[in-house]
Structures are given as C-alpha cells and as structure tokens.
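Under the working numbering, the first residue of the sequence shown is numbered 40, with each subsequent residue one higher.
The beta-carbon is built from N, C-alpha and C at its ideal position, and this holds for glycine as well.
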Amino acid sequence: MTEKETLYGKNPEELAALCAELGLPRFAARQIARWLYVRGTEDPMRMTDLAATARERLAARFAPALSAPERVSVSADGTKKYLFRTRRGHYVESAYIPDGERATLCVSSQAGCRMGCRFCATGRQGLQESLPAAEILNQIVSLPERDRLTNLVFMGMGEPLDNPDQLLRTLSVITSEWGFGWSPTRVTVSTAGVVPQLRRFLDATKVHLAVSLHNPFREERMEIMPVERAWPIAEVTAILRGYDFTHQRRVSFEYIVLEGLNDSPRHIRGLSRLLDGIKCRINLIRFHRIPGSPYFSPDDEAMRRFRDALTARGIQTTIRASRGEDIQAACGLLSTEALGGR
C-alpha cells in the first residue's frame with residue numbers, strides 16, 4: 040500500500056500546483072501556507088477560508104506529518120533530549136539547550152549517519168534514513184518549548200549536506216516570510232565537508248555554516264573522519280575562500296580536542312595555515328566518551344592553553360561549554376542504536 044504524502048513541508052510553488060489541480064484560485068496557496076507555518080495547523084478541515092469540498096479532498100489525500108516526542112530526558116544543567124519516531128519506524132533525537140535568554144535546539148536531519156566519524160556515537164550506528172523536511176520541521180514545531188526558541192543548529196544526528204534537498208526545503212520554510220519568518224542569522228548548519236553540495240548550500244541560503252574539522256592534516260583526519268578520503272578539508276577551505284564571511288553570515292570550525300592526537304603545537308601551526316584567508320572562529324569541544332572509544336579529552340588547563348595559542352595566531356577561538364552530557368545529549372553522543380537500530 041502506497042504511503043500517503045504529507046501537506047506539511049510543501050512550499051508555495053508546490054501548493055500553487057496543488058491548488059490548480061483542485062480548481063482553487065492561486066492565492067489559496069498562500070492561505071494554506073499560512074495555516075501550515077504561521078497558524079500551526081496541518082489539518083485541512085480547520086482551514087476555514089478554503090472551500091469545504093477542497094478541504095475534504097485535501098484531508099482525504101494527505102496524511103498528518105507532525106507528532107509529539109515520545110520521550111524526554113532532562114539533564115541536571117537544564118538541557119532536554121527529545122526522542123521522535125519517524126513515519127517509517129526509525130528514531131531521532133534532538134537537544135533543547137536553554138542558556139539565559141538564549142534557547143537553542145540541536146536538530147537532526149537523518150536517523151543515524153553514514154559519515155562514520157570515529158568519535159561520534161551517531162556515526163557508529165550507521166544510516167537508517169534521511170528525514171523528509173516535514174520530520175525535520177517536526178522537531179521544531181512539536182517541541183514543548185517551541186515559543187522560547189531563539190536559535191537552531193543543525194548539529195544533531197546525521198550529515199545535513201548528505202540530505203541536501205530536504206535540508207534546503209526545511210531552511211526555506213524556516214527563513215521565508217511565508218514560513219516561520221526567522222532571520223537566517225538565527226540558524227547554523229554543520230557539515231563534515233560534503234564538497235559536491237557545499238556551493239549549492241552557500242548559494243541557496245544565508246544561514247551560518249559550521250565545519251567539522253578536528254584535524255588539519257589529511258592523513259590524520261582520515262583516521263578519525265573517513266569523509267576526508269572523498270572530500271579533503273583543503274577542498275572545503277578552498278571553496279570557502281570564495282565567499283564573504285565578513286558581514287552577517289559566519290563560518291566556524293568545530294574542533295573536538297583529542298588528547299595526544301590533535302592538540303600539539305604542530306596542529307596549531309597546521310590550523311593557522313589551513314584557515315589562512317578565511318574570516319572565521321574555531322570552537323574547541325571537549326571529547327565526550329563513548330563506550331569502547333580509545334580517545335580522551337585534555338584537562339581544562341590544556342584546553343585553555345590550546346585556545347590561547349590559536350588566539351595568539353589571530354584566530355578567534357572559544358571553548359564550547361559541554362551541556363547535557365549526563366543524558367547523552369552532548370556533542371557526539373546522540374544515538375538511537377539501542378532502539379534496535381531504528
């Protein structure tokens with residue numbers, strides 16, 4: 040039996056084509072978009088400014104896409120990890136991180152991940168599915184704290200640029216006036232460096248970019264990030280030099296510090312050479328232990344020395360605070376492998 044498509048996640052052009060099919064005036068597409076993304080309902084029977092027959096046809100054709108989280112885990116630091124079930128029976132996690140007046144949601148774009156980064160629990164479970172836009176958006180709109188959100192980071196499960204069509208569709212809903220109407224400056228997308236999709240992403244959006252770097256040297260990066268074999272970080276930085284990051288859009292580089300592996304003066308020099316000519320920031324991240332991992336995080340003093348050495352070379356560098364580690368919600372810990380690979 041064919042699975043019904045969903046109305047949620049469609050853009051105005053698709054809604055206009057749908058309206059033409061149903062014999063509705065073209066302006067009805069904007070009305071439907073307003074119901075979906077501004078008024079927050081996907082139930083056609085509640086779209087009272089549409090003709091009753093059109094509402095009935097829409098209700099018969101489209102399945103609901105939105106669903107509440109199935110479980111929440113609460114950290115001692117206030118972070119909350121939500122578990123969502125997809126329509127195909129897989130699971131994804133997202134992390135809500137409150138911090139004073141700022142409240143960030145770490146969004147997942149895939150169930151699992153095929154990048155295979157050695158320091159990441161999500162990478163260990165492999166890829167189960169890439170999420171459609173409706174199920175990416177569901178993590179936002181079905182969040183109990185939705186109205187408190189100030190920022191979105193696509194740093195949850197999955198590689199966003201490995202799901203490019205649905206990522207761009209999602210970002211369009213979030214940042215367009217017909218959608219959520221968010222400023223692109225409130226959104227950051229992370230990537231391990233999927234070169235074939237990077238230019239497309241940069242040209243199509245104005246949201247911030249975060250690149251998972253973790254080692255400036257090709258052979259060493261390949262040992263912990265297999266993506267380096269296909270798409271070297273040097274190619275990523277070469278592309279980035281062709282874009283302007285001096286105004287509203289920012290690029291940052293994520294760097295999980297692994298004791299004795301990527302934290303030497305040689306790595307500081309390598310980072311300085313690799314990032315030369317790119318206006319950017321480096322976010323240093325403590326390694327969060329996953330079972331059976333051979334890696335360790337340096338102590339706080341060593342992290343500060345590494346930060347200060349990079350800052351002295353003119354690279355703005357910060358140490359990201361770890362949040363939600365006690366509920367397995369911190370960087371690199373999201374995983375639904377225990378749910379039977381789903």
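Rounded distance between the beta-carbons of residue j and residue i, thought under 8 Å
{"i": "E109", "j": "R127", "result": "E109 to R127, Cβ: 15 Å. No contact."}
{"i": "F335", "j": "E298", "result": "5 Å"}
{"i": "E364", "j": "H306", "result": "So it is not a contact: roughly 24 Å between Cβ atoms."}
{"i": "F193", "j": "V146", "result": "5 Å"}
Span separating the alpha-carbon of residue i from that of residue j
{"i": "I272", "j": "F240", "result": "17 Å"}
{"i": "A341", "j": "N254", "result": "17 Å"}
{"i": "T276", "j": "E262", "result": "19 Å"}
{"i": "R352", "j": "R85", "result": "59 Å"}
{"i": "E184", "j": "L279", "result": "35 Å"}
{"i": "S361", "j": "A249", "result": "17 Å"}
{"i": "L367", "j": "F158", "result": "In the sequence under discussion, the amino acid at residue 367 is Gln, which differs from the Leu named in the question. So the two alpha carbons sit approximately 14 Å from each other."}
{"i": "E53", "j": "L63", "result": "13 Å"}
{"i": "V226", "j": "E60", "result": "35 Å"}
{"i": "H286", "j": "H247", "result": "11 Å"}
{"i": "L122", "j": "R268", "result": "33 Å"}
{"i": "E95", "j": "F66", "result": "19 Å"}
{"i": "T214", "j": "E258", "result": "38 Å"}
{"i": "L191", "j": "A68", "result": "27 Å"}
{"i": "T230", "j": "K245", "result": "15 Å"}
Continuous beta strand (DSSP E) stretch holding residue i: start and end
{"i": "S112", "result": "110 to 113"}
{"i": "F193", "result": "190 to 193"}
{"i": "H253", "result": "No beta strand (DSSP E) holds H253; DSSP gives it neither H nor E."}
{"i": "R141", "result": "141 to 145"}
{"i": "R124", "result": "119 to 124"}
{"i": "A160", "result": "Here A160 belongs to no beta strand (DSSP E); instead the alpha helix (DSSP H) covers 160 to 163."}
{"i": "A150", "result": "149 to 151"}
Same chain, Cβ closer than 8 Å to residue i, neighbours up to 5 away in sequence not counted
{"i": "K43", "result": "R100, F101, A102"}
{"i": "I354", "result": "L310, S311, L314, C319, R320, I321"}
{"i": "G316", "result": "R280"}
{"i": "L182", "result": "P108, Y121, S133, Y135, L144, L188"}
{"i": "D82", "result": "A98, P103"}
{"i": "Y170", "result": "Per the sequence shown, residue 170 should be read as Leu rather than Tyr. Only T125, V131, S147, S148, Q149, A150, G197, N202, Q205 meet the Cβ criterion."}
{"i": "D302", "result": "V296, P337, A341, F345"}
Span of the alpha helix (DSSP H) around residue i
{"i": "V212", "result": "203 to 214"}
{"i": "F292", "result": "Not the alpha helix (DSSP H): F292 falls in the beta strand (DSSP E), residues 290 to 296."}
{"i": "T285", "result": "Counting along the chain, T285 falls outside any alpha helix (DSSP H), and DSSP gives it neither H nor E."}
Residues of its chain near residue i, where Cβ-Cβ distance is below 6 Å and the 5 sequence neighbours each way are ignored
{"i": "R325", "result": "S336, S361"}
{"i": "K119", "result": "V111, V113, Y135"}
Contacts around residue i, its chain only, beta-carbon distance under 7 Å, and the 5 residues preceding and following it disregarded
{"i": "G165", "result": "G151, R153"}
**Item:** Contact the region 175 to 190 vs the region 202 to 215: 3+ CB pairs below 8 Å
**Value:** yes
**Asked** Between the region 62 to 82 and the region 143 to 162, do at least 3 Cβ pairs fall closer than 8 Å?
**Response** no
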